[in-house]
Each structure stands twice: as structure tokens, then as C-alpha cells.
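Peer 1: Structure in C-alpha cells, see below.
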Amino acid sequence: MNTKRTNDNFDNEEYNKFSKYERAKTKVASIKRFYNHVLVFLIINIILYFLRHKFVFILVSENALGNPEFLDWINWNVYGTTIVWGFILAIHALIVFSNISGYMKRWEEREIQKHINSYND
Numbered sequence: 001m002n003t004k005r006t007n008d009n010f011d012n013e014e015y016n017k018f019s020k021y022e023r024a025k026t027k028v029a030s031i032k033r034f035y036n037h038v039l040v041f042l043i044i045n046i047i048l049y050f051l052r053h054k055f056v057f058i059l060v061s062e063n064a065l066g067n068p069e070f071l072d073w074i075n076w077n078v079y080g081t082t083i084v085w086g087f088i089l090a091i092h093a094l095i096v097f098s099n100i101s102g103y104m105k106r107w108e109e110r111e112i113q114k115h116i117n118s119y120n121d
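Everything in the sequence shown is counted per UniProt numbering, starting at 1 for the first residue and increasing by one.
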């Protein structure tokens with residue numbers, strides 16, 4: 001009986017080490033995905049800012065180019081893309097670097113346990 005208790009403790013310790021390792025690995029993967037998101041955000045927006053006038057020449061006829069409202073519309077689309085995408089990037093940062101994701105995982109684990117317990121009854 002005493003041996004089993006020791007093995008149970010060993011198993012719990014091993015499980016906790018494995019669990020900590022898996023959580024750390026998941027956290028690092030999340031941070032890596034966030035930095036990739038930032039990199040794509042910067043590259044795309046830099047390209048949009050530098051090439052926005054060239055896109056106008058390529059995509060539309062010369063009649064539309066004389067219309068200042070059309071050029072304003074193009075500029076607002078470029079700025080709007082940056083603003084909306086920046087907002088989404090900020091939310092992504094909150095999820096990755098705050099405890100929101102930990103809260104969601106704990107909630108998910110509680111819900112799973114609740115459903116497992118309901119099946120056992």
C-alpha cells in the first residue's frame with residue numbers, strides 16, 4: 001500500500017512537470033504566432049503606404065485619377081486597414097500577454113470536468 005502511494009506521488013510529480021512543460025511550450029508558441037502577426041502587419045502596411053499611389057495608377061483608368069475624392073477614398077482605405085488591423089493586433093496582444101487566455105483555459109477545464117461528472121452520474 002505504501003509503495004502505491006509513492007508511485008502515485010511520483011506520477012503526480014511527473015504529470016505536473018509534463019503539464020508545466022506543455023503549458024510553457026504552448027505559451028511560447030502563442031508568443032511566436034503573435035510576433036509573426038506583428039511582422040506581417042508591418043510588412044503589409046509598409047507596402048500599402050509606399051505603393052498606394054502606384055496601385056491607383058495600375059488599377060484604375062486615367063479618368064478616375066483626376067477625381068480627388070477617389071484618391072481620398074484610396075487613402076482612407078489604406079489608413080482604415082491599418083487602424084482596424086492594429087485594433088485586432090492589440091486584441092491579439094491582450095490575449096497572448098495577459099491572463100485572459102489562462103482564464104479561458106481554466107474555464108474550459110471546469111466545463112470539461114462538469115460534463116465528465118455529469119456522465120459519471
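In this text, a Cβ means the ideal position worked out from N, Cα and C, and glycines have one as well. It should be emphasised that the depicted structure is a prediction, and the values quoted were computed from it without experimental measurement.
Whole angstroms is fine: what's the gap from residue 127's alpha carbon to Phe50's?
Peer 2: Since the first residue shown for the chain is 1 and the last is 121, residue 127 is missing from the structure and cannot be characterised.
Peer 1: Can you confirm whether the stretch 86-96 touches the stretch 37-48 when touching is taken to mean that 3 or more C-beta pairs between the two stretches lie within less than 8 Å?
Peer 2: As far as the Cβ criterion goes, the stretch 37-48 touches the stretch 86-96, which means the pair count is three or higher.
Peer 1: Might you give, ordered along the chain, the residues of its own chain that have their beta carbon closer than 8 Å to the beta carbon of Leu94, omitting 5 neighbours on each side?
Peer 2: Here the set comprises Ile100.
Peer 1: For the putative contact between Phe34 and His115, defined by C-beta atoms under 8 Å, what is the C-beta separation to the nearest angstrom?
Peer 2: At roughly 31 Å, the Cβ-Cβ gap does not stay under 8 Å, so Phe34 and His115 are not in contact.
Peer 1: Taking Val38 as the reference, give the member of Glu111, Lys54 and Thr82 with the closest Cα.
Peer 2: Comparing Cα positions, the closest option is Thr82.
Peer 1: Taking Cβ to Cβ, would you say Val96 is nearer than 8 Å to Ile31?
Peer 2: A contact, by the Cβ cut-off of 8 Å.
Peer 1: Under the three-state reduction of DSSP, which class applies to Ser19: helix, strand or coil?
Peer 2: Ser19: helix per DSSP, three-state reduction.
Peer 1: Determine the direct distance from the alpha carbon of Val40 to that of Ile74, and round the result to whole angstroms.
Peer 2: Those two C-alpha atoms are separated by around 21 Å.
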